[in-house]
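To start, the structure itself, in structure tokens.
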Amino acid sequence: LKFIPLGTKEPNLLKRSNINQYNENGFLYPIKIFEESEIIIIRDYFDDLLNKALLAGWNSYEIINWHKHCQGIYDIVTESRIIDIIQDLLGESVILRHSHFFVKIPGDGKRVSWHQDASYWPLSKSRVVSAWLAIDDVDSDNAAMKVIPGSHLKSQLPYQDSKEVE
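Start counting at 1 in the sequence shown, then tack on 13, and there's your number in the working numbering.
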């Protein structure tokens, strides 16, 4: 597993400083994609979808690759405002490898352990980008995503289940 620096010679949306930040830190944020009115529609769609999934016996972390069957999810993962930014990092050819929605229900105690995303992708070169879209406001009190800047530059680290800090 080895990180390959990303970025196109002539980016359309990102500045060269954004691409350098991505290559150094392994992430870019915040990038506003949707207006609040659009997020409300997306959130309502997901609330309805989640309710149906839970009633059908699905786990709230099992909404994986549903873009193949749910038009609303497909529309989000193929949104040009997201893809255009990813193209500035990867180039014109962008392939959706995987979609996964982590629905953190208040009080459920679920968490995603520390990990390197590339460990889950069976690719010989790590020219891959994850796009994380928060449809709810996030902060330290409601399980916001955390990253370790520069950890993508390390070789593959062995997976360990994260323990809760007491």
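Backbone N, C-alpha and C define an ideal beta-carbon position, used for all residues, glycine too.
Please work out which residues of its chain come closer than 6 Å, Cβ to Cβ, to residue i, disregarding the five sequence neighbours upstream and downstream, and give them in chain order.
i, result
"I99", "V107 and V142"
"I32", "G20"
Would residue i and residue j be called neighbours here (beta carbons separated by less than 9 Å)?
i, j, result
"Y128", "Y172", "Strictly speaking, residue 128 in this sequence is His, with Tyr absent from that position. Cβ distance < 9 Å, so H128 and Y172 count as in contact."
"L19", "Y35", "yes"
"S164", "G39", "yes"
"H80", "T91", "yes"
"T21", "D101", "yes"
"V116", "I76", "yes"
"I181", "I148", "No answer is possible for residue 181: the residues shown for the chain start at 14 and end at 179."
"R140", "L103", "yes"
"I89", "I44", "no"
"D97", "L146", "no"
Return the CA-CA distance between residue i and residue j, expressed in angstroms with no decimal places.
i, j, result
"N64", "P119", "14 Å"
"I95", "A144", "8 Å"
"K159", "H111", "20 Å"
"E48", "N72", "29 Å"
"P162", "I46", "22 Å"
"F114", "D154", "19 Å"
For residue i, does the three-state DSSP call read helix, strand or coil?
i, result
"F115", "coil"
"S139", "strand"
Throw me the rounded Cβ distance for the residue i and residue j pair, which I believe falls under 8 Å.
i, j, result
"F16", "L166", "6 Å"
Considering only residues of the same chain and omitting the five flanking positions on each side of residue i, which have a CB-CB separation below 7 Å?
i, result
"A157", "V151"
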